[in-house]
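> My questions will all concern the structure given below.
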Amino acid sequence: MFETTPVQQPVQPPRQSLAGRAYLVRAGVSVGALVLLVGVIAMAAAKGETHIPLGTVLQTIANHLWQAGYDVDPIDAGIIWNYRISRAMVAAACGASLALSGAVLQALLRNSLADPYLLGISAGASTGAVSVAILGFGAGMVSLSLGAFVGALVAFGFVALLAIPAGRGADAIILAGVAGSQLFNALTSFIVTKAATADEARGVMFWLLGNLSGVRWPDVYLALPVAVIGLLVCLWYSRALDAFTFGVESAASLGVPVRRVYVVLIAIAASMTAVMVSIVGSIGFVGLVIPHAARFFVGTRHGFLLPASALIGAVFLVAADIVSRIILDGQVLPIGVITALIGAPAFAIILCHGRVLR
């Protein structure tokens, strides 16, 4: 008789160990993005027409936050704190809000091409800003940002009312958003063509392409809380967003209050976008591309995807702002130009490879 040697089966690692390792990797991505965000904000404070050493930047921040008492040139300190740091903070809040809104809309509408401007919010904000700047709505008592915010809310209301008779489904919202965007873009073009002078038209076009030049600390006090509150609300509904991945019917069968989640999250996405557009103007591709990039790193579970999208979006927009200030000597490009130049090729690569589009 021949003796048979039993075949050794490969030892499989426990599922719990694999899950823990995946959790650490996904959490590590968010931590790494947070560290990178701090780094690019410090770089944004140092880079510009006047280069300031990074040590001076850190000393200035320490003086303002902890009264450290470092001897820093007052002009450099003013440039760092009053102009560059506030600008970087608004850019971070804007990038986080737009990326977060894109991730939420892509989950709710189950459409990989959904982004914050799908709902016509950007077009409505542009119309509101142009109405204030050129037509003089508000008799000088309404600022450009407030006019943009009101216009964004009006556009969102118009899209919502348009989608109700069509069934309020994802397809209806998408089509209503396209119609609303076209309508308000046409109104903006009509107002500029009919009533604007050459200088006014130039200023409006610069604002429409995204402009961070005029932001200061009061804008930080508005943008940062909106971004943080929006992230917290979206995280609260992260499990519901996971359920929406399998469709509305599946989410409802799992006990998700579909209508309430739709209303709350779309309203949050619209509000975040409206606030950011009212401060900095229209900035494209952040809400479209960043959620796909975050999905590549952390997967589709929204408990990881939402914070990763927010942090990566913040890093991206601060970095884009740095590029917009240094790419041309003596000139600052609209940040929307930089995001489009980077975002369009990146999205083309994603689309061609088809790796993260669902």
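Position one of the sequence shown corresponds to residue 664 (our numbering), numbered consecutively onward. The beta-carbon is built from N, C-alpha and C at its ideal position, and this holds for glycine as well. Values in this document were obtained by computation on a predicted structure and should not be read as measured data.
1. When you compare the segment 974-982 with the segment 688-701, are there three or more beta-carbon pairs, one atom per stretch, that lie closer than 8 Å?
2. Per DSSP, which one or two residues make a beta bridge with Leu991?
3. Cα separation between Ala864 and Ser916?
4. Should the segment 703-717 be called in touch with the segment 725-734, which here means at least 3 C-beta pairs below 8 Å?
5. Using the rule of at least 16 other Cβ atoms within 10 Å of the residue's Cβ for burial, across every protein chain shown, is Met868 buried or exposed?
6. Would you mind reading off the limits of the alpha helix (DSSP H) that contains Pro954?
7. For Met664, collect the residues of the same chain with a Cβ closer than 8 Å to its Cβ; drop the 5 residues on either side in sequence, then sort them by chain order.
8. Specify the secondary structure class of Met664 as computed by DSSP and reduced to three states.
9. To the nearest angstrom, how far is it from the Cα of Ile998 to the Cα of Phe847?
10. With DSSP as the reference, label Lys857 as helix, strand or coil.
11. Please confirm if the segment 738-745 is in contact with the segment 772-787, defined as three or more CB-CB distances below 8 Å between the two stretches.
12. In this structure, does DSSP put Tyr1024 in helix, strand or coil?
13. According to DSSP, is Arg964 helix, strand or coil?
14. Going by Cα to Cα distance, which pick from Gly873, Phe1010 and Tyr900 is closest to Leu968?
15. Please classify Thr908: does DSSP put it in a helix, a strand, or coil?
16. Give me the residue from Met752, Ala956 and Leu771 with the minimum Cα distance to Ile931.
17. How big is the Cα-Cα spacing for Thr630 and Glu912?
18. Considering Thr1026, what are the terminal residues of the alpha helix (DSSP H) in which it resides?
19. Where are the alpha helix (DSSP H) runs, 4 residues long or more, that stay fully inside the segment 871-904, in chain order?
20. At 4 residues or longer, and completely inside the segment 791-847: list those alpha helix (DSSP H) runs for me, N to C.
21. Look at the Cβ atom of Gly840, then the Cβ atom of Ala818, and state whether they are nearer than 7 Å.
22. Helix, strand or coil for Asp862? Go by DSSP, reduced to three states.
23. Can you grab the Cα-Cα spacing for the pair Gly950 / Ala835, in whole Å?
24. Mapping the DSSP letters down to three states, classify Pro920 as helix, strand or coil.
25. Do you know how far the Cα of Gly787 is from the Cα of Gly814?
From the atom records:
1. yes
2. The count along the sequence shown starts at 1 and reaches residue 991 at position 328. Gln994, per the DSSP bridge assignment.
3. By 1-based counting over the sequence shown, the position of residue 864 is 201. By 1-based counting over the sequence shown, the position of residue 916 is 253. Their backbone Cα atoms lie some 52 Å apart in a straight line.
4. no
5. What you label residue 868 is simply residue 205 of the sequence shown in a count that begins at 1. Burial call: exposed.
6. Mapped onto the sequence shown, residue 954 falls at position 291. Counting along the chain, the alpha helix (DSSP H) containing Pro954 begins and ends at Val949 to Val961.
7. Taking the sequence shown and counting its residues from 1, the one referred to as residue 664 is at position 1. Residue confidence is low: Met664 scores 47 on pLDDT, short of 50, so the model does not pin down where it sits. Its coordinate-derived value is still stated next. Within the same chain, Met664 has no close Cβ partners at all.
8. Mapped onto the sequence shown, residue 664 falls at position 1. A caution first: Met664 carries a pLDDT of 47, below 50, which makes its placement in the model too unreliable to give a value.
9. Taking the sequence shown and counting its residues from 1, the one referred to as residue 998 is at position 335. Taking the sequence shown and counting its residues from 1, the one referred to as residue 847 is at position 184. Distance between the alpha carbons of Ile998 and Phe847 is about 22 Å.
10. Reading the sequence shown from its first residue, position 194 is the one you call residue 857. Helix.
11. no
12. As displayed, the chain neither begins before 664 nor continues past 1021, which places residue 1024 out of reach and without an answer.
13. Here the question's residue 964 lines up with position 301 in the sequence shown. DSSP places Arg964 in coil when its eight states are reduced to three.
14. Translated into the one-based positions of the sequence shown, residue 968 becomes position 305. Out of Gly873, Phe1010 and Tyr900, Tyr900 has the C-alpha closest to the C-alpha of Leu968.
15. The residue given as residue 908 occupies position 245 in the sequence shown. Three-state DSSP puts Thr908 in coil, outside helix and strand.
16. Residue mapping note: residue 931 aligns to position 268 of the sequence shown, counting from 1. In this structure, Leu771 is the residue among Met752, Ala956 and Leu771 with its C-alpha nearest to the C-alpha of Ile931.
17. In this structure the chain extends from 664 to 1021, so residue 630 is not present and cannot be described.
18. Here the chain has residues from 664 to 1021 only, and residue 1026 is not among them.
19. Segments of the alpha helix (DSSP H) lying fully in the segment 871-904: 880-899.
20. Counting only runs of 4 or more, we get 807-826.
21. To locate residue 840, count along the sequence shown from 1; it is residue 177. To locate residue 818, count along the sequence shown from 1; it is residue 155. It is not a contact, given that the beta carbons lie outside the stated cut-off.
22. The sequence position of residue 862 within the sequence shown is 199, counting from 1. Reduced to three states, the DSSP call for Asp862 is helix.
23. What you label residue 950 is simply residue 287 of the sequence shown in a count that begins at 1. What you label residue 835 is simply residue 172 of the sequence shown in a count that begins at 1. Their Cα atoms are separated by approximately 20 Å.
24. As a first step, residue 920 must be located in the sequence shown, where it is residue number 257. Correct three-state label for Pro920: coil.
25. In the sequence shown, counting from the first residue as 1, residue 814 sits at position 151. In the sequence shown, counting from the first residue as 1, residue 787 sits at position 124. Each residue's Cα considered, the two are about 5 Å apart.
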